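Here the structure comes first, spelled out in structure tokens, and everything after it is commentary.
Here it is as structure tokens:
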């Protein structure tokens with residue numbers, strides 16, 4: 001499945017720790033093209049959702065399901081992305097794309113993300129197997145402690161799903177279990193340079209601070225699923241359609257279409273933000 005492959009040590013690290021960082025998975029030229037497209041894309045900005053953290057600070061994100069023939073689609077569908085995900089999921093079935101988010105944390109105002117597991121959200125979509133779901137964060141700008149880079153609890157994916165409740169307009173993990181995890185496992189700041197990729201398990205506990213720096217922190221987070229993993233309450237369809245893989249050179253060399261036909265998620269349709277009742281029992285601060 002393509003020329004780029006993770007090595008056995010990287011796969012072992014992912015299984016043990018719940019995440020790996022791959023440096024410079026995308027080149028400076030590729031990232032500049034992606035970042036400038038994101039900055040200049042009025043459709044992307046028009047479809048951005050504001051999500052408040054517990055202090056009222058906002059993080060903007062645009063989320064869409066089907067990867068197209070635009071520059072973001074060429075990244076999502078690239079051999080190096082899909083092949084790496086397939087190696088880490090360790091399933092014979094094909095890799096599908098659940099959704100991608102463009103995360104925009106602006107200087108001074110970009111909000112925090114509370115401690116959570118992605119499967120704390122996706123449990124509501126009724127995906128059956130968390131081991132067959134994962135996310136890949138691609139840094140479009142530097143991500144560091146100053147501008148609110150991702151923090152992870154190393155090995156926390158082995159805890160299984162922790163109960164989640166509402167924290168502001170976000171879904172946050174039960175802080176009693178988070179505090180136990182922090183006493184038991186290592187807290188790691190995942191500082192990234194543009195083009196670096198962070199691959200992480202759907203049950204890895206993670207958070208990020210607000211961006212109080214003078215510099216933006218923008219990233220793409222693509223979420224993938226094995227075709228064998230059924231989501232019984234998900235109305236989109238991309239999660240069960242195998243990714244149509246494109247060669248790695250597509251991002252720079254192929255003509256890219258506009259983004260106008262993307263199937264964006266609207267805030268009012270996000271199942272993770274709808275209450276099922278049990279969230280009220282969870283202490284998230």
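In the UniProt record's numbering, the protein residues as written are 1 to 285. Glycine residues also receive a C-beta, built at the ideal position from the N, C-alpha and C atoms. Treat the numbers as computed from the prediction; the structure is a model and nothing was measured.
Cβ separation of residue i and residue j, assumed to be a contact under 8 Å, to the nearest whole Å
i: residue 72; j: residue 224; result: The pair is not a contact, with the Cβ atoms about 14 Å apart (cut-off 8 Å).
i: residue 256; j: residue 119; result: So it is not a contact: roughly 32 Å between Cβ atoms.
i: residue 156; j: residue 18; result: 6 Å
i: residue 148; j: residue 210; result: 6 Å
i: residue 132; j: residue 88; result: No, residue 132 and residue 88 are not in contact; Cβ-Cβ is about 10 Å, not under 8 Å.
i: residue 104; j: residue 162; result: Wrong, their Cβ atoms sit about 27 Å apart, outside the cutoff.
Proximity of residue i and residue j at Cβ, strictly below 7 Å
i: residue 138; j: residue 204; result: no
i: residue 62; j: residue 44; result: yes
i: residue 222; j: residue 141; result: no
i: residue 106; j: residue 213; result: no
i: residue 65; j: residue 236; result: yes
i: residue 113; j: residue 207; result: yes
i: residue 78; j: residue 248; result: yes
i: residue 178; j: residue 115; result: yes
i: residue 194; j: residue 20; result: no
i: residue 244; j: residue 134; result: no
i: residue 6; j: residue 84; result: yes
i: residue 70; j: residue 199; result: no
i: residue 171; j: residue 180; result: no
i: residue 136; j: residue 197; result: yes
Best match in the options for proximity to residue i [C-alpha to C-alpha]
i: residue 226; options: 242, 190, 151 and 232; result: 242
i: residue 261; options: 77, 6 and 42; result: 42
i: residue 229; options: 239, 222 and 50; result: 239
i: residue 153; options: 107, 94, 23 and 189; result: 189
i: residue 218; options: 130, 150, 90 and 78; result: 150
i: residue 102; options: 96, 50, 131 and 88; result: 50
i: residue 264; options: 47, 159 and 244; result: 47
According to DSSP, residues forming a beta bridge with residue i
i: residue 101; result: 63 and 221
i: residue 246; result: 78
i: residue 207; result: 151
i: residue 50; result: 60
Checklist entry - Curious, which full-length beta strand (DSSP E) runs of at least 3 residues does the segment 5-40 contain? => result 19-22
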